[in-house]
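Here the structure is laid out as structure tokens; the discussion comes afterwards.
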Amino acid sequence: MNQYDLIVVGSGPAGRRAAIQAAKLGKKVLVVEQGKRVGGVSVHTGTIPSKTLRETALNLSGWRERGFYGRAYRVKQEISAEDLRRRLLITLDHEVEVLEHQFARNRVQHIRGKASFVTVDTMAIQKDDGEIMHVQGSSILLAVGTKPFRPDYMPFDGKTVLDSDELLDIEQLPRSMVVIGAGVIGIEYATIFSALDTAVTVIDPKPTMLDFIDKEIVEDFTYQLRDRNMKLLLGQKADKVERLPDGKVSVTVDSGRKIVTDMVLFAAGRMGATDQLNLAAAGLEADNRGRLKVNPETFETSVKGIFAAGDVVGFPSLASTSMEQGRIAARVAVGAIAGEPQKYFPYGIYAVPEISTCGLTEEEMKERNIPYECGIARFRETSRGHIMGLDTGLLKLIFSLKTRRLLGVHIVGEGATELVHIGQAVLNLKGTVEYFVENTFNYPTLAEAYKIAGLDAWNRMGEAPKGVSEPHPLDVQQEAAAVAPAAVAASEEKKAASK
Numbered sequence: 003m004n005q006y007d008l009i010v011v012g013s014g015p016a017g018r019r020a021a022i023q024a025a026k027l028g029k030k031v032l033v034v035e036q037g038k039r040v041g042g043v044s045v046h047t048g049t050i051p052s053k054t055l056r057e058t059a060l061n062l063s064g065w066r067e068r069g070f071y072g073r074a075y076r077v078k079q080e081i082s083a084e085d086l087r088r089r090l091l092i093t094l095d096h097e098v099e100v101l102e103h104q105f106a107r108n109r110v111q112h113i114r115g116k117a118s119f120v121t122v123d124t125m126a127i128q129k130d131d132g133e134i135m136h137v138q139g140s141s142i143l144l145a146v147g148t149k150p151f152r153p154d155y156m157p158f159d160g161k162t163v164l165d166s167d168e169l170l171d172i173e174q175l176p177r178s179m180v181v182i183g184a185g186v187i188g189i190e191y192a193t194i195f196s197a198l199d200t201a202v203t204v205i206d207p208k209p210t211m212l213d214f215i216d217k218e219i220v221e222d223f224t225y226q227l228r229d230r231n232m233k234l235l236l237g238q239k240a241d242k243v244e245r246l247p248d249g250k251v252s253v254t255v256d257s258g259r260k261i262v263t264d265m266v267l268f269a270a271g272r273m274g275a276t277d278q279l280n281l282a283a284a285g286l287e288a289d290n291r292g293r294l295k296v297n298p299e300t301f302e303t304s305v306k307g308i309f310a311a312g313d314v315v316g317f318p319s320l321a322s323t324s325m326e327q328g329r330i331a332a333r334v335a336v337g338a339i340a341g342e343p344q345k346y347f348p349y350g351i352y353a354v355p356e357i358s359t360c361g362l363t364e365e366e367m368k369e370r371n372i373p374y375e376c377g378i379a380r381f382r383e384t385s386r387g388h389i390m391g392l393d394t395g396l397l398k399l400i401f402s403l404k405t406r407r408l409l410g411v412h413i414v415g416e417g418a419t420e421l422v423h424i425g426q427a428v429l430n431l432k433g434t435v436e437y438f439v440e441n442t443f444n445y446p447t448l449a450e451a452y453k454i455a456g457l458d459a460w461n462r463m464g465e466a467p468k469g470v471s472e473p474h475p476l477d478v479q480q481e482a483a484a485v486a487p488a489a490v491a492a493s494e495e496k497k498a499a500s501k
């Protein structure tokens, strides 16, 4: 039996980062991937494909230039599904080649097959030809990711009623679409197809959407969606979905409304891909959504020596955080020192327009009784915004009144997922409102919105007391208690429940 220091099941963001980290520490590592090529859901059906689809749609539709040239402006008059797929395949091939090269360079072994537990430290790998081999690991990391939730009552056919994985293989663009589920995935695809001039209706039983995002940002986002004639049926449940003889689909909601559409995308959640791992043989049990519970600092499960990271452990289910989870888990698994993960990380929603956030929302500031002030900048207030033809876009900064420190940054608009990193750095380095007021930003840039928002907050807060360059230690202590890890963890549980 082959013996390894670390066996990694899955080669997505968490799995590949863990494998390479352990290999760099001189450990013998094996990666098991059941897909045709390495990369996991992130490369083949999730993160990379959806963002590539978004970029292609915005480029070919001329979306970014319509502020100047009008709504009728298009780079390509007739956009087909093949146009979208062509760029996608080029991107995926590049991602896989880079990953395979990284594995080869770091001497990470990888096998294609389905892995399942035999004992706590032994796994059986079934290859495509039916051969079964057994491997043993001093530690095992489960980074198997997730798969779309597919309820029995939904008449999936891969053509007119699809899940988010099947959407990438459509043969023609629909003229109309109903998206069931107003979570991150549903909203991303709904807005992408809306940018391609598909008539989109979003249905969700919750009366609100994206509850973990600052409410003011969601309100601005919602206004933009309605302004371009997207229908948002929130607080309404899709009771019945049926395929019609003419090839269309009928969706009936509990309010009695009936919608006939070309295509239905069901995007109401995902399941941890743990059903084939034979978890019971290792003494593990997944929850009702197939997710595994782990120690949030080490990512070790309840069974010593078995770790889990990435989407399979639940919130925040981001490629970026999954990579860091995998790296920390690998270091702990092989006995190396692992640093404490950053308290605040950026969250990106690649909708049209983008949303990105880091730190506390205004609602969380109120819940924790932290006195605060906000500063707001609109992209149209910047010269760069005028150059780009932007009529929309909002950046919101939240500062503590006592310590003057930045505690939250929230952005909706073009380039939000890039711009947020300026705020993330200032937030984690405990910067104050004076940073934005006193520092110089390139001109003209959208980043100049930080100075505008900083000045907006400074005007409301007033100048810091003379002779005081540092916040009072007692204020810092009280504020730290208000945003203690336990409180942050409780907030994250709330966010996870809302997804």
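Quick note on this note's numbering: the sequence shown kicks off at 3 and runs consecutively. For glycine and all other residues, C-beta sits at the position ideal for the given N, C-alpha and C. This one's a predicted model, so the numbers in the text were calculated from it and none came from an experiment.
Is it the case that the Cβ atoms of residue i and residue j are separated by a distance below 8 Å?
i      : j      : result
Asp7   : Ser140 : yes
Val120 : Val33  : no
Lys250 : Asp241 : no
Thr447 : Gly350 : no
Ile357 : Phe195 : no
Ala466 : Gly377 : no
Leu392 : Arg382 : yes
Glu97  : Ile50  : yes
Leu235 : Val204 : yes
Glu513 : Ala83  : The structure shown does not extend to residue 513, since the chain is modelled only from 3 to 501, so the question has no answer here.
Leu170 : Thr323 : no
Val354 : Thr210 : no
Gly285 : Val305 : yes
Helix, strand or coil for residue i, going by three-state DSSP, please let me know.
i      : result
Ile189 : helix
Met367 : helix
Thr254 : strand
Pro51  : helix
Phe223 : helix
Ile9   : strand
Ile194 : helix
Asn4   : strand
Asp393 : coil
Pro150 : strand
Pro15  : helix
Lys306 : coil
Val354 : coil
Glu287 : coil
Gly274 : strand
Ser500 : Confidence at Ser500 is low in this model, with a pLDDT of 45, below 50, so its placement is unreliable and the value that follows should be read with caution. Of the three classes helix, strand and coil, the one that applies to Ser500 here is helix, per DSSP.
Thr419 : helix
Thr323 : helix
Glu133 : coil
Lys260 : strand
Tyr349 : strand
Mark residue i as exposed unless 16 or more other C-beta atoms lie within 10 angstroms of its C-beta, in which case mark it buried.
i      : result
Ile330 : buried
Pro150 : buried
Phe70  : exposed
Lys78  : exposed
Tyr191 : buried
Gly410 : buried
Met135 : exposed
Asp216 : buried
Thr303 : buried
Glu221 : exposed
Val400 : Note on identity: in this sequence residue 400 is Ile, with Val being the wrong assignment. The residue is buried, with at least 16 neighbouring Cβ atoms inside 10 Å.
Arg407 : buried
Pro487 : Any reading at Pro487 needs caution, since the residue's pLDDT is 49, under 50, leaving its predicted position unreliable; the model's value is listed next. So Pro487 ends up on the exposed side.
Ala106 : exposed
Leu143 : buried
Ala117 : buried
Straight-line CA distance for residue i to residue j?
i      : j      : result
Pro15  : Ala449 : 29 Å
Asn441 : Lys453 : 8 Å
Ala145 : Val10  : 7 Å
Gly17  : Arg245 : 39 Å
Val435 : Val428 : 10 Å
Gln5   : Phe301 : 22 Å
Asn61  : Ser178 : 21 Å
Val439 : Phe347 : 24 Å
Thr363 : Gly72  : 35 Å
Tyr445 : Lys161 : 48 Å
Ala282 : Leu101 : 32 Å
Ile92  : Tyr374 : 47 Å
Ser500 : Phe214 : Any reading at Ser500 needs caution, since the residue's pLDDT is 45, under 50, leaving its predicted position unreliable; the model's value is listed next. Computed Cα separation, rounded: 7 Å.
Ala332 : Pro343 : 14 Å
Gly115 : Phe317 : 27 Å
Gly341 : His423 : 21 Å
Within the segment 37-86, note down every full alpha helix (DSSP H) run reaching 4 residues or more, in order along the chain.
42-46, 49-63 and 68-71
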